[in-house]
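J.:
There are 4 protein chains.
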Amino acid sequence: MQKITEALVRQVIQPRSQESHKGSFGRVLTIGGNQNFGGAIIMSTSAAVYSGAGLVTCATAPQNFVSLHARLPEAMVVDYQDQTMLAELIPQMDVLVIGPGLGVDATALAILKFVFTQVQLHQNLIIDGSAITLVAQERLTLPTAQIIFTPHQMEWQRLSGLALAEQTPAKNQAAQQKLAATVIVKSHRTEVYLPSAAWQNPVGSAAMATGGMGDCLTGILAGFLAQFTTQREAAILAAVYAHSQISDQLAQRQYVTLPTQIIDALPQYMARMSR
Amino acid sequence: MQKITEALVRQVIQPRSQESHKGSFGRVLTIGGNQNFGGAIIMSTSAAVYSGAGLVTCATAPQNFVSLHARLPEAMVVDYQDQTMLAELIPQMDVLVIGPGLGVDATALAILKFVFTQVQLHQNLIIDGSAITLVAQERLTLPTAQIIFTPHQMEWQRLSGLALAEQTPAKNQAAQQKLAATVIVKSHRTEVYLPSAAWQNPVGSAAMATGGMGDCLTGILAGFLAQFTTQREAAILAAVYAHSQISDQLAQRQYVTLPTQIIDALPQYMARMSR
Amino acid sequence: MQKITEALVRQVIQPRSQESHKGSFGRVLTIGGNQNFGGAIIMSTSAAVYSGAGLVTCATAPQNFVSLHARLPEAMVVDYQDQTMLAELIPQMDVLVIGPGLGVDATALAILKFVFTQVQLHQNLIIDGSAITLVAQERLTLPTAQIIFTPHQMEWQRLSGLALAEQTPAKNQAAQQKLAATVIVKSHRTEVYLPSAAWQNPVGSAAMATGGMGDCLTGILAGFLAQFTTQREAAILAAVYAHSQISDQLAQRQYVTLPTQIIDALPQYMARMSR
Amino acid sequence: MQKITEALVRQVIQPRSQESHKGSFGRVLTIGGNQNFGGAIIMSTSAAVYSGAGLVTCATAPQNFVSLHARLPEAMVVDYQDQTMLAELIPQMDVLVIGPGLGVDATALAILKFVFTQVQLHQNLIIDGSAITLVAQERLTLPTAQIIFTPHQMEWQRLSGLALAEQTPAKNQAAQQKLAATVIVKSHRTEVYLPSAAWQNPVGSAAMATGGMGDCLTGILAGFLAQFTTQREAAILAAVYAHSQISDQLAQRQYVTLPTQIIDALPQYMARMSR
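Protein sequence lines, in the order shown, are assigned to chains U, W, X and F. Letter 152 of the first sequence, counting from 1, is numbered 152 in UniProt numbering, and no numbers are missing. Letter 54 of the second sequence, counting from 1, is numbered 54 in UniProt numbering, and no numbers are missing. Letter 69 of the third sequence, counting from 1, is numbered 69 in UniProt numbering, and no numbers are missing. Letter 1 of the fourth sequence, counting from 1, is numbered 1 in UniProt numbering, and no numbers are missing.
1. Assuming residue 167 of chain X and residue 146 of chain X form a contact by the criterion Cβ under 8 Å, report the distance between their Cβ atoms to the nearest whole angstrom.
2. In whole angstroms, give me the CA-to-CA distance for residue 163 of chain F and residue 170 of chain F.
3. Measuring only between beta-carbons, confirm whether residue 70 of chain X sits less than 8 Å from chain U.
4. Go ahead and label residue 71 of chain W buried or exposed: buried means 16 or more other beta carbons lie within 10 angstroms of its beta carbon, across all protein chains shown.
5. Contact defined as beta carbons within less than 8 Å: I believe residue 35 of chain U pairs with residue 61 of chain U. What is the distance between those atoms, to the nearest angstrom?
6. Return the residue from the list W:248, W:206, W:17 that minimises the CA-CA distance to residue 209 of chain X.
7. Looking at residue 133 of chain F and residue 104 of chain F, is the spacing between their C-beta atoms short of 8 Å?
8. For the beta strand (DSSP E) that contains residue 27 of chain U, what are its first and last residues?
9. According to the neighbour-count rule (16 or more other Cβ atoms, all chains shown, within 10 Å of its Cβ), is residue 182 of chain W buried or exposed?
10. Report the three-state DSSP secondary structure of residue 64 of chain F (helix, strand or coil).
11. Write down the C-beta distance between residue 37 of chain F and residue 93 of chain X rounded to the nearest angstrom, noting that I regard them as a contact closer than 8 Å.
12. Taking only the alpha-carbon atoms, compute the straight-line gap between residue 5 of chain U and residue 73 of chain F and give it to the nearest angstrom.
13. For residue 26 of chain U versus residue 239 of chain U, is the C-beta spacing smaller than 8 Å?
14. Looking at C-alpha atoms only, which residue of F:33, F:47, F:48 is the closest neighbour of residue 337 of chain F?
15. One question on the structure: do residue 95 of chain W and residue 28 of chain W come within less than 8 Å of each other, judged by their Cβ atoms?
16. For residue 37 of chain F, which residues in chain X fall below 9 Å Cβ to Cβ?
17. Report all residues from its chain with a CB closer than 6 Å to the CB of residue 251 of chain W; omit the five preceding and five following residues, and keep chain order.
18. Within a Cβ cutoff of 6 Å, which residues of the same chain sit near residue 129 of chain U, ignoring the five residues on either side of it in sequence?
19. Could you compute how far the alpha carbon of residue 272 of chain U sits from the alpha carbon of residue 254 of chain W?
20. Just by C-beta distance, which residues in the region 10-23 of chain X are closer than 9 Å to chain F?
21. Using a Cβ-Cβ cut-off of less than 7 Å, list which residues of the region 31-57 of chain X approach chain W; keep chain order.
22. Scan the region 105-128 of chain U for residues whose Cβ lies nearer than 9 Å to a Cβ of chain F and list them as they occur along the chain.
23. If you drop the 5 nearest sequence neighbours on each side, which residues of the same chain put their C-beta closer than 6 Å to that of residue 44 of chain U?
24. Residue 47 of chain U and residue 212 of chain U - do their beta-carbons sit closer together than 8 Å?
25. Could you give the distance in angstroms between the alpha-carbon of residue 246 of chain F and the alpha-carbon of residue 260 of chain F?
26. Fully enclosed by the region 210-235 of chain X, which alpha helix (DSSP H) runs are 4 residues long or longer?
27. Should residue 89 of chain X and residue 57 of chain X be called a contact, given that it needs their Cβ atoms to be closer than 8 Å?
28. Would you kindly check if the distance between the Cβ of residue 242 of chain U and the Cβ of residue 269 of chain U is under 8 Å?
29. Is there a Cβ of chain U sitting closer than 8 Å to that of residue 196 of chain F, yes or no?
30. Expressed to the nearest angstrom, what Euclidean distance is found between the alpha-carbon atoms of residue 106 of chain U and residue 55 of chain U?
31. Assign residue 269 of chain U to one of three DSSP states: helix, strand, or coil.
32. Does any residue of chain F bring its CB to less than 8 Å from the CB of residue 187 of chain U?
33. Go through its chain and collect everything with a Cβ distance to residue 1 of chain U's Cβ below 6 Å, but skip five positions before and after it.
34. I need the DSSP call for residue 243 of chain U, collapsed to helix, strand or coil.
35. Thinking C-alpha only, which one of W:262, W:86, W:125 is nearest residue 49 of chain W?
36. Taking 8 Å as the threshold (C-beta atoms), are residue 184 of chain X and residue 229 of chain X in contact?
Dropping the structure here:
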């Protein structure tokens, strides 16, 4: 398995063309955050904004609107149960994230199913957290889109049917091909199964082992996919690496590195990588 | 077309007279922020406060009161549908901003129309975002006031009838004169059409290409117009330049510069310019 | 008129006795913040906490609970219309602040009148903003307590009956004696009328001329009165001076100094003064 | 009585094993925060997250969800009156905190009693603030669990029956043994009564004498107990010491050190101790 390198991140994060506007850097819709897990979608949405996505909208439970805006006025909000609004918004998007804090109840399932009916072939669709569990549990048919799953090892077991001990690179790659989606299996050495090859993330540490770290990753993935459209696979790998490398840099001075701290560090990290 | 210079900004931002009080630095009312776009009016209002306006009130949907106060206790809030309150407040104002996050629905239109009936000749009225779209779409008659439009190129097309390819300096200036308002056409090289002349902003970069950047500009415009009353045209130009120059300074270390970061940097930037 | 000095501030802010607990540093109740002016009481309450008051409770409209806690989890909250709770809390207090963002409607008047029935002789009662207007307008009888008024010049006119041009030191002092309260007349050179003498604040600048600055002062006054109980008059003078001197220090690098920035700077400023 | 040392803290806070994930660092449930005291549970929960607990959920009054998320999206929230959810969550936990901002009314008592029926033998249960008062006042039977009480001296009087003057080390230790729980008696020199021995905290200062400091301690205790499971008693002592030592470090530059500032400083402090 190849290892992702900083050189690859530097190749992806290029200086921005001056003749550009916010539309040039993509539109992202994050979907999740129920009455109990609102923080997850706040972190995902924040990471998308701070990694440079052009325009970011968050579809969530209305209870989360105020906390999201108090932290992040840069994002727009919409009720994740408002199908009329979602049907209008989704076609405008370059990247969708579904799952952070979504939950696994009937409301969550209905939202997930509805999004699956609306998403389009060319769109990136990042499926995370409880949305992975729902896909596995309800044996949902995946929409035709550019799908990226971001399971941790237990969610990957549910999705692939591979028990932890069976999650070898070969079997994971086979499961990825059956899914016809990119799969990012998160662990202390995250593995990325692209259609073309499997990659391992050599950076990151146990300072990242804290709640919300995966939600943060979904936002960085969304931001990178929204901007670096000409090198989609490299953008995915770069997002995984960047997320961990920022933590490593913070961990020189911190015992635990919180997702919100990684988010705050994104603009400066990306500037360094773009030089 | 003349280029705005830092020298002009320095000429506008003068040390404050000691014999002054908050009333000396003007009253600003920002109007916008519906149930989906509350962040926009939070950023506009924050930029007005941080650029030094004396007293700032935000008229918005009540759902946004808490997030605004959580970020910015310095501002007052009022329900943007409360016509009694608006009718009482508007005559006290030096500058009004209408549009950030206002939306284009019937509520938005009713608010816009009502504000147009209340605004007075001597007041600065900054019309932004969806309010521009409404003015164009509903062919609203403009009130007699000191109007400043802040369209991006698509909104300018709606307002002026000029397709993107036709938006030449000469045609833009002609359209500006027909409107009898100042027009700030936002792009990667923003152009300012004053009644007297057209100016180009030579600073700024693609690090500004992110959601909310225009909302931030409306607040800086409001703050500058509220304070630098003896040099109104120069104040408008200085606001446009300052907004971009702060981003340029942040972009030495950041890949993207967020509106909230530009807002935070205003007091220190203005101190440097005032020396 | 004597001028307050930094030496006086240094005399007031003594190192804390080690054999102390939060009760040693006083209990403060801030009362204000209606549906439109919630930010004012957030700033007053924050300033009380950051200046070192032992325990701080904020009585405000319930709509402000969330924004207050989002900024300041250190304070407790109570509905300012809940007379049962207020009647239980007030006797425990060392200092009360009433007025920031209270408004002048019937609700505000009822709260003010109720507080006047509950406050006790030994308690400091800081009356600010709209509460001053209500006292003047409704010719309310003042309770017997250690009262401090913090009017700006227009409010002082309403309270004293002295037109702006008549507000000379001698007439102000005479009006203060009639009120039997300390009066802090805020202007670009704030004057403090103690029962014993009149003092002028020699520091501060127009960088303070921004909304909420007076709310911030009420909280510093409350914090100082709660802690420095053995030198009440000096504590009042020190609070006025500290508020302005912090702004002066920030203004070396800022064009405008916001109340929330002054609040954040309090713990470090006070450490410097205590050495 | 032995004194806790920095060496002991350094022994507890070991570099994290790389082969770990968030589950390795424990699950914490904080329970408290009624309609008036929401800030207390926000601080407790934040301290648990910033001290490195793997996954943290806060059970509180729904009115506190938004302010908690606005400050701390890393935590999950649940209605503290939702017994179905609590019954499902509690068995998954390694550490529970009950009491910060809980209050002493019937709702608080019902929650406390319910938690006592659900908690399990192996779980750490930190009982703080009003929960201590309720245990004492209602003479509640303690559940079989790893209980830690964190009373200040008045609460300890209520719980132990020992008047302040009687609270000698010997009598305190005897009372601790009768309770069969660890007791942390908070004062300017906090004492920790473990089953095995009594310890005194030699650090900390009057800069800590401010509201919410105890709430902050409960979160650090929870975070340390969740992570440092093989040395439970040392983890408790280390938490008490760390809480005060961080304040001492901040107090080199601050007159008062606020709980939220101590929380922010935790990740860097712990990194220093782990080297």
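C-beta atoms are modelled at their ideal positions from N, C-alpha and C, and glycine is treated no differently.
T.: Taking the definition as stated:
1. For the purposes of this step, residue 167 of chain X is taken as the residue at position 167 of the third sequence. For the purposes of this step, residue 146 of chain X is taken as the residue at position 146 of the third sequence. Contact between residue 167 of chain X and residue 146 of chain X is absent: CB atoms are separated by about 24 Å, not below the 8 Å threshold.
2. Taking the fourth sequence and counting its residues from 1, one reaches residue 163 of chain F at position 163. Taking the fourth sequence and counting its residues from 1, one reaches residue 170 of chain F at position 170. For residue 163 of chain F and residue 170 of chain F, the gap between their C-alpha atoms comes out near 14 Å.
3. Reading the third sequence from its first residue, position 70 is the one you call residue 70 of chain X. Cβ-Cβ to chain U under 8 Å: yes for residue 70 of chain X.
4. Position 71 of the second sequence, counted from the first residue, corresponds to residue 71 of chain W. Taking every protein chain shown into account, the CB of residue 71 of chain W has 16 or more other CB atoms within 10 angstroms, so this residue is buried.
5. Counted from its first residue, the first sequence places residue 35 of chain U at position 35. Counted from its first residue, the first sequence places residue 61 of chain U at position 61. Contact between residue 35 of chain U and residue 61 of chain U holds, since their C-beta atoms are separated by about 6 Å, short of 8 Å.
6. The count along the third sequence starts at 1 and reaches residue 209 of chain X at position 209. Looking from the CA of residue 209 of chain X, the closest CA among W:248, W:206, W:17 belongs to W:17.
7. If you number the fourth sequence from 1, residue 104 of chain F lands on position 104. If you number the fourth sequence from 1, residue 133 of chain F lands on position 133. Their beta carbons are under 8 Å apart, which means residue 104 of chain F touches residue 133 of chain F by this criterion.
8. Residue 27 of chain U sits at position 27 when you count from the first residue of the first sequence. Segment 27-31, the beta strand (DSSP E) holding residue 27 of chain U.
9. In the second sequence, counting from the first residue as 1, residue 182 of chain W sits at position 182. Classification for residue 182 of chain W: buried.
10. For this step, residue 64 of chain F is matched to residue 64 along the fourth sequence. Reduced to three states, the DSSP call for residue 64 of chain F is helix.
11. In the fourth sequence, counting from the first residue as 1, residue 37 of chain F sits at position 37. In the third sequence, counting from the first residue as 1, residue 93 of chain X sits at position 93. With a Cβ gap of about 17 Å, residue 37 of chain F and residue 93 of chain X do not count as contacting.
12. What you label residue 5 of chain U is simply residue 5 of the first sequence in a count that begins at 1. What you label residue 73 of chain F is simply residue 73 of the fourth sequence in a count that begins at 1. So the alpha carbons of these two residues sit roughly 30 Å apart.
13. Here residue 26 of chain U refers to the residue found at position 26 of the first sequence. Here residue 239 of chain U refers to the residue found at position 239 of the first sequence. In this structure, residue 239 of chain U does not lie closer than 8 Å to residue 26 of chain U by Cβ.
14. Shown here, chain F extends from 1 to 275; a query on residue 337 of chain F therefore has no answer.
15. As a first step, residue 95 of chain W must be located in the second sequence, where it is residue number 95. As a first step, residue 28 of chain W must be located in the second sequence, where it is residue number 28. In this structure, residue 95 of chain W places its C-beta atom within 8 Å of the C-beta atom of residue 28 of chain W.
16. Stepping through the fourth sequence from its first residue, residue 37 of chain F is reached at position 37. Simply 76, 77.
17. Indexing the second sequence from 1 puts residue 251 of chain W at position 251. Here residue 251 of chain W has 205, 207, 257 as same chain residues with Cβ atoms under 6 Å from its own Cβ, once five neighbours each way along the sequence are excluded.
18. The sequence position of residue 129 of chain U within the first sequence is 129, counting from 1. Only residues of its own chain outside the window of five on either side were considered, and among them 99, 100 have a CB closer than 6 Å to the CB of residue 129 of chain U, listed in chain order.
19. The count along the first sequence starts at 1 and reaches residue 272 of chain U at position 272. The count along the second sequence starts at 1 and reaches residue 254 of chain W at position 254. The straight-line gap from Cα to Cα measures roughly 8 Å.
20. For chain F, the residues of the region 10-23 of chain X that bring a beta carbon within less than 9 Å of one of its beta carbons are 13, 15, 16, 17, 18, 19, 20, 21, 22, 23, in chain order.
21. Listed by position, the residues of the region 31-57 of chain X near chain W (Cβ gap below 7 Å) are 36, 37, 38, 39, 42, 43.
22. So the list is empty, because no residue satisfies the distance condition.
23. As a first step, residue 44 of chain U must be located in the first sequence, where it is residue number 44. The answer, listed in chain order, is 30, 97, 100, 215, 218, 219.
24. Here residue 212 of chain U refers to the residue found at position 212 when the first sequence is read from its first residue. Here residue 47 of chain U refers to the residue found at position 47 when the first sequence is read from its first residue. Contact: no.
25. Working through the fourth sequence from its first residue, we reach residue 246 of chain F at position 246. Working through the fourth sequence from its first residue, we reach residue 260 of chain F at position 260. Rounded to whole angstroms, residue 246 of chain F to residue 260 of chain F spans 12 Å at the Cα level.
26. Within the region 210-235 of chain X, the complete alpha helix (DSSP H) runs of at least 4 residues fall at 213-227.
27. As a first step, residue 89 of chain X is located in the third sequence; it is residue number 89 there, counting from the start. As a first step, residue 57 of chain X is located in the third sequence; it is residue number 57 there, counting from the start. Yes.
28. As a first step, residue 269 of chain U is located in the first sequence; it is residue number 269 there, counting from the start. As a first step, residue 242 of chain U is located in the first sequence; it is residue number 242 there, counting from the start. Between residue 269 of chain U and residue 242 of chain U, the C-beta gap is smaller than 8 Å, which places the two residues in contact.
29. Mapped onto the fourth sequence, residue 196 of chain F falls at position 196. With its beta carbon at least 8 Å from every one in chain U, residue 196 of chain F lies outside the interface.
30. What you label residue 106 of chain U is simply residue 106 of the first sequence in a count that begins at 1. What you label residue 55 of chain U is simply residue 55 of the first sequence in a count that begins at 1. CA-to-CA, the gap between residue 106 of chain U and residue 55 of chain U works out to about 29 Å.
31. For the purposes of this step, residue 269 of chain U is taken as residue 269 along the first sequence, with counting starting at 1. Assignment of residue 269 of chain U by DSSP, reduced to helix, strand and coil, places it in the helix class.
32. Residue mapping note: residue 187 of chain U aligns to position 187 of the first sequence, counting from 1. For residue 187 of chain U, the nearest CB of chain F lies under 8 Å from its own CB, placing it at the interface with that chain.
33. On the first sequence, position 1 is the one that residue 1 of chain U refers to. Around residue 1 of chain U: 169, 198, 200.
34. Working through the first sequence from its first residue, we reach residue 243 of chain U at position 243. The three-state secondary structure of residue 243 of chain U, taken from DSSP, is helix.
35. Here residue 49 of chain W corresponds to residue number 49 of the second sequence, with the count starting at 1. Taking the Cα of residue 49 of chain W as reference, the smallest distance to any Cα among W:262, W:86, W:125 is reached at W:262.
36. Translated into positions along the third sequence, residue 229 of chain X becomes position 229. Translated into positions along the third sequence, residue 184 of chain X becomes position 184. The Cβ atoms of residue 229 of chain X and residue 184 of chain X do not sit closer than 8 Å to each other.
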